[in-house]
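Colleague: Before anything else, here's the structure in question.
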């Protein structure tokens, strides 16, 4: 009797528990639109805005009830003609873990939100 | 025929263990003990060294900075892996921006096990650029 162990699990239960990029990017976009959708850049409000976006994302991610640990990162930068580069490098299990990055801009500012999901 | 004596010894040993009430202890580690935790104090010098080494005397350059950013993340990740921290998954993020007097805010929040998971950050600035590096260490159960 021979058995073949598969490392990749394609059963419906496993797919439901995997990282769904579209779902998460939708959550992030909603978070950004609801906090800074129509605002001009204001130095004294940035703190509030980043907290609001991140809290919105985390709350909705938790509601998905998937077995993941999440790291949510948000950068808001005033539009000034200056350049910004971001990069990320991850050491994880590429079959179960994933990330989603959304770039958003308005007339006065840029926003970049990253969500990293690591399977338990 | 030579296998038989061995086969009869093992059940005798098991019976002895059961009589003495011994149990086999669990050896799978489900939380890191103190020495193997991802401690900011240990990881921060690693990041700091990389940033200072690679960015002192560098000016912001549109084309070069993109590749530099990626190199920094890979370098930091490789050094963190080399430093031990077994059973940890890493996420390293680096942001390099031009200094032009604009306002920037970077924030992060995590849903994790605060006992075993942690993060380290470092900021490097010179006249023409600023660089923020964050490394998150997440324990894998």
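Protein chains in written order, with full-length UniProt numbering: chain A, 1 to 120; chain B, 1 to 141. Cβ atoms here follow ideal geometry from the backbone N, Cα and C, with glycine treated the same way. Just so you know, these numbers come straight off a predicted model, no measurement behind them.
1. State yes or no: is the beta carbon of residue 117 (chain B) nearer than 8 Å to at least one beta carbon in chain A?
2. Could you please give me the residues that DSSP links to residue 98 (chain B) through a beta bridge?
3. Considering only the beta carbon of each residue, do residue 165 (chain B) and residue 114 (chain B) sit closer than 8 Å?
4. Need the endpoints of the beta strand (DSSP E) that residue 109 (chain B) sits in, please.
5. State the DSSP-derived secondary structure class of residue 43 (chain B), mapped to helix, strand or coil.
6. Could you compute how far the alpha carbon of residue 90 (chain B) sits from the alpha carbon of residue 85 (chain A)?
7. Start and end of the beta strand (DSSP E) containing residue 89 (chain A)?
8. In angstroms with no decimal places, state the Cα-to-Cα distance between residue 36 (chain A) and residue 40 (chain B).
9. Looking only at C-alpha atoms, which of A:17, A:34, A:53 and A:21 sits nearest to residue 110 (chain B)?
10. Would you kindly report the start and end of the unbroken alpha helix (DSSP H) that includes residue 82 (chain B)?
11. So, are the CB atoms of residue 66 (chain A) and residue 17 (chain A) less than 8 Å apart?
12. How should residue 96 (chain A) be labelled, buried or exposed, when 16 other C-beta atoms within 10 angstroms of its C-beta is the threshold for buried?
13. Which residues in the same chain have their Cβ closer than 8 Å to the Cβ of residue 46 (chain A), if we skip the five residues on either side of it in sequence?
14. Could you list the residues in the region 65 to 92 of chain A with a C-beta less than 7 Å from some C-beta on chain B, going in chain order?
15. Rounded to whole angstroms, what's the CA-CA distance from residue 128 (chain B) to residue 74 (chain B)? Just pull it up for me.
16. Please give the ranges of any alpha helix (DSSP H) in the region 41 to 73 of chain A, keeping only runs that are unbroken, at least 4 residues long and fully inside the region.
Modeller: This is what the structure holds:
1. Working through the second chain from its first residue, we reach residue 117 (chain B) at position 117. Taking Cβ atoms only, chain A reaches closer than 8 Å to residue 117 (chain B), which makes this a yes.
2. By 1-based counting over the second chain, the position of residue 98 (chain B) is 98. DSSP output for residue 98 (chain B) lists B:129 as bridge partner(s).
3. Nothing can be reported for residue 165 (chain B), as the shown portion of chain B is limited to 1 through 141.
4. Along the second chain, one-based indexing puts residue 109 (chain B) at 109. Note, residue 109 (chain B): beta strand (DSSP E), 104 to 111.
5. Taking the first residue of the second chain as 1, we reach residue 43 (chain B) at position 43. Residue state, collapsed to three classes: helix.
6. Residue 90 (chain B) sits at position 90 when you count from the first residue of the second chain. Residue 85 (chain A) sits at position 85 when you count from the first residue of the first chain. Rounded to whole angstroms, residue 90 (chain B) to residue 85 (chain A) spans 20 Å at the Cα level.
7. As a working mapping, residue 89 (chain A) is identified with position 89 in the first chain. Looking at the DSSP string, the run of the beta strand (DSSP E) that includes residue 89 (chain A) is 84 to 91.
8. Numbered from 1 along the first chain, position 36 holds the residue referred to as residue 36 (chain A). Numbered from 1 along the second chain, position 40 holds the residue referred to as residue 40 (chain B). Distance between the alpha carbons of residue 36 (chain A) and residue 40 (chain B) is about 33 Å.
9. Residue 110 (chain B) sits at position 110 when you count from the first residue of the second chain. Residue 110 (chain B) has its Cα closest to that of A:53, out of A:17, A:34, A:53 and A:21.
10. By one-based count along the second chain, residue 82 (chain B) stands at place 82. 62 to 82 is the span of the alpha helix (DSSP H), which, as asked, contains residue 82 (chain B).
11. For the purposes of this step, residue 66 (chain A) is taken as residue 66 along the first chain, with counting starting at 1. For the purposes of this step, residue 17 (chain A) is taken as residue 17 along the first chain, with counting starting at 1. Yes; because the gap between Cβ atoms is below 8 Å, this pair is in contact.
12. Along the first chain, one-based indexing puts residue 96 (chain A) at 96. Residue 96 (chain A) is buried by the Cβ-count criterion.
13. One-based indexing of the first chain puts residue 46 (chain A) at position 46. Here the set comprises 76.
14. 69, 70, 71, 72, 73, 74, 75, 76, 77, 78, 80, 81, 82, 83, 84, 85, 86, 87, 88, 89, 90, 91 and 92
15. What you label residue 128 (chain B) is simply residue 128 of the second chain in a count that begins at 1. What you label residue 74 (chain B) is simply residue 74 of the second chain in a count that begins at 1. The alpha-carbon atoms of residue 128 (chain B) and residue 74 (chain B) are separated by roughly 23 Å.
16. 46 to 63
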